[in-house]
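*Asks:*
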Amino acid sequence: MNGPFDLIIFDYDGVIADSELLNNAVMAELLSEIGLPTTLDDALASYLGKRWLDCEPIIAERLGSPCPPGVREEWTRRCHDRAQRDLTSVAGFSAFLAGRGERRCIASSSPPDWIELGLRHFGVHEAFAGPIFSAAVHVNRGKPHPDLFLFAAEAMKAAPSRTLVIEDSPTGVLAGVAAGMSVAGLCAGEHIRDGHAQGLANAGAHQVFDSYADLAAWIATEPQT
């Protein structure tokens, strides 16, 4: 008997790394510095789960002018600098990973160097020794389009119908649903606010969980095939 899924696709920020507060705090700080007053909650509402490529047009529209040169590079520099000191994994991730036998991969809007920094920092780089799929480099259209998840599943030789996506953002949930995959919304990161679980459900998440322990318990109850 096999489990219900052949492949688990993990998003990265907010699913593996508890990095959404860090990333979006830096975003809010930088945007405020360039003349676009932005709070942390503003940043979470507007940019959570998106590539920089997809964030930049939003920033330019709100500024009423192109995003100044160097903002992306400074955002990356500050995030990397703070991650060395402050970055932690999402609560329950390590225990969940240790208890799983399915093939796994990461498919994220973030660039590979940011993902690899965290995996090494958490000591789980070897657990994801296969490809890291990044919307920043592997596909033309990022989430909420399904392209990245479909690309990852094809590369991992897994049928979408036998693939579970774990996502923390409505943008990512939309992408997983559009890919024809089972989507678990995860609300275990420090960035979760009131109404977030409902937002994931509204985006089409098949189940929404407050913890990795609850997600593992649900997988265990799914029919074996």
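Residue numbers (the working numbering): 1222 to 1446. C-beta: ideal position from N, C-alpha, C; glycine also. Since the model is a prediction, treat every value here as computed from it, not as a measurement.
1) Please report the Cβ distance between residue 1255 and residue 1289, rounded to the nearest whole angstrom; I am assuming they are in contact, meaning their Cβ atoms lie under 8 Å.
2) Are residue 1390 and residue 1357 touching if we call contact CB-CB under 8 Å?
3) Tell me which residue opens and which closes the beta strand (DSSP E) that residue 1404 is part of.
4) Under DSSP, the beta strand (DSSP E) around residue 1428 begins and ends at which residues?
5) Going straight from the alpha carbon of residue 1379 to that of residue 1286, what length do you get?
6) With three or more beta-carbon pairs closer than 8 Å as the criterion, would you say the stretch 1369 to 1386 touches the stretch 1413 to 1421?
7) Whose C-beta lies closer than 8 Å to the C-beta of residue 1333 among residues of the same chain, with five residues either side of it excluded?
8) Where do the ends of the alpha helix (DSSP H) carrying residue 1249 lie?
9) Taking only beta-carbon atoms, is residue 1341 less than 8 Å away from chain C?
10) Bridge partners of residue 1234, per DSSP?
11) Just list the residues that DSSP pairs residue 1356 with in beta bridges.
12) Output needed for residue 1400: all residues of its chain with C-beta closer than 6 Å, excluding positions within five of it in sequence on either side, in chain order.
13) Closer than 7 Å by C-beta to residue 1340: which residues in its own chain qualify, once you throw out the five before and the five after it? Chain order, please.
14) Taking just the CA atoms, how far does residue 1229 sit from residue 1244?
15) Contact defined as beta carbons within less than 8 Å: I believe residue 1326 pairs with residue 1373. What is the distance between those atoms, to the nearest angstrom?
16) According to DSSP, what are the bridge partners of residue 1326?
17) Taking residue 1292 and residue 1236 to be in contact with their CB atoms under 8 Å, please state how far apart those CB atoms are, rounded to whole angstroms.
18) Would you kindly work out how many angstroms separate the C-alpha atoms of residue 1251 and residue 1225, rounded to a whole number?
19) Could you give the first and the last residue of the continuous beta strand (DSSP E) run that contains residue 1386?
20) Could I get the ranges of all uninterrupted beta strand (DSSP E) runs contained in the stretch 1276 to 1351, with 3 residues as the minimum, in chain order?
21) For residue 1283 and residue 1295, what's the separation of their Cα atoms in angstroms?
22) Note down the Cα distance separating residue 1407 from residue 1432, rounded to an integer number of angstroms.
*Replies:* For this structure:
1) On the sequence shown, position 34 is the one that residue 1255 refers to. On the sequence shown, position 68 is the one that residue 1289 refers to. Contact between residue 1255 and residue 1289 holds: their C-beta atoms lie close to 6 Å from each other, under 8 Å.
2) Here the question's residue 1390 lines up with position 169 in the sequence shown. Here the question's residue 1357 lines up with position 136 in the sequence shown. A distance of 8 Å or more separates the beta carbons of residue 1390 and residue 1357.
3) The residue given as residue 1404 occupies position 183 in the sequence shown. 1403 to 1407 is the extent of the beta strand (DSSP E) around residue 1404.
4) Here the question's residue 1428 lines up with position 207 in the sequence shown. Element bounds for residue 1428: 1428 to 1430.
5) Taking the first residue of the sequence shown as 1, we reach residue 1379 at position 158. Taking the first residue of the sequence shown as 1, we reach residue 1286 at position 65. When the Cα atoms are used, residue 1379 and residue 1286 turn out to be separated by approximately 43 Å.
6) No: fewer than three Cβ pairs fall under 8 Å.
7) Taking the sequence shown and counting its residues from 1, one reaches residue 1333 at position 112. In its chain, beyond the 5 residues on either side, 1353, 1355, 1357 and 1358 have a beta carbon closer than 8 Å to the beta carbon of residue 1333.
8) Looking up residue 1249 in the sequence shown gives position 28. If you look at residue 1249, you'll find it in the alpha helix (DSSP H) that goes 1241 to 1254.
9) Of the protein chains in the structure, only one exists, and it is not chain C.
10) As a working mapping, residue 1234 is identified with position 13 in the sequence shown. In the DSSP output, where bridge partners are listed per residue, residue 1234 has 1238.
11) As a first step, residue 1356 is located in the sequence shown; it is residue number 135 there, counting from the start. DSSP, once it has assigned bridges, lists no residue as partnering residue 1356.
12) Numbered from 1 along the sequence shown, position 179 holds the residue referred to as residue 1400. Excluding positions up to five away in sequence, the list reads 1367, 1370, 1371 and 1381.
13) On the sequence shown, position 119 is the one that residue 1340 refers to. Once the five neighbours on either side are set aside, the close Cβ partners of residue 1340 are 1346 and 1349.
14) In the sequence shown, the residue the question calls residue 1244 occupies position 23. In the sequence shown, the residue the question calls residue 1229 occupies position 8. C-alpha separation (whole angstroms): 24 Å.
15) Within the sequence shown, residue 1326 is the residue found at index 105, counting from 1. Within the sequence shown, residue 1373 is the residue found at index 152, counting from 1. Taking C-beta atoms under 8 Å as the contact rule, residue 1326 and residue 1373 qualify, at a distance of about 6 Å.
16) Counted from its first residue, the sequence shown places residue 1326 at position 105. In the DSSP output, where bridge partners are listed per residue, residue 1326 has 1230.
17) Position 71 of the sequence shown holds residue 1292. Position 15 of the sequence shown holds residue 1236. Taking C-beta atoms under 8 Å as the contact rule, residue 1292 and residue 1236 fail to qualify, at a distance of about 26 Å.
18) Along the sequence shown, read from residue 1 onward, the residue named residue 1251 stands at position 30. Along the sequence shown, read from residue 1 onward, the residue named residue 1225 stands at position 4. Each residue's alpha carbon lies about 44 Å from the other.
19) The residue labelled residue 1386 in the question sits at position 165 within the sequence shown. Note, residue 1386: beta strand (DSSP E), 1384 to 1388.
20) Positions of the beta strand (DSSP E) runs, each at least 3 residues long and wholly inside the stretch 1276 to 1351, are given as 1324 to 1329 in order along the chain.
21) Numbered from 1 along the sequence shown, position 62 holds the residue referred to as residue 1283. Numbered from 1 along the sequence shown, position 74 holds the residue referred to as residue 1295. Cα to Cα, residue 1283 sits roughly 19 Å from residue 1295.
22) Counting from one through the sequence shown, the residue named residue 1407 turns up at place 186. Counting from one through the sequence shown, the residue named residue 1432 turns up at place 211. Roughly 7 Å separates the two Cα atoms.
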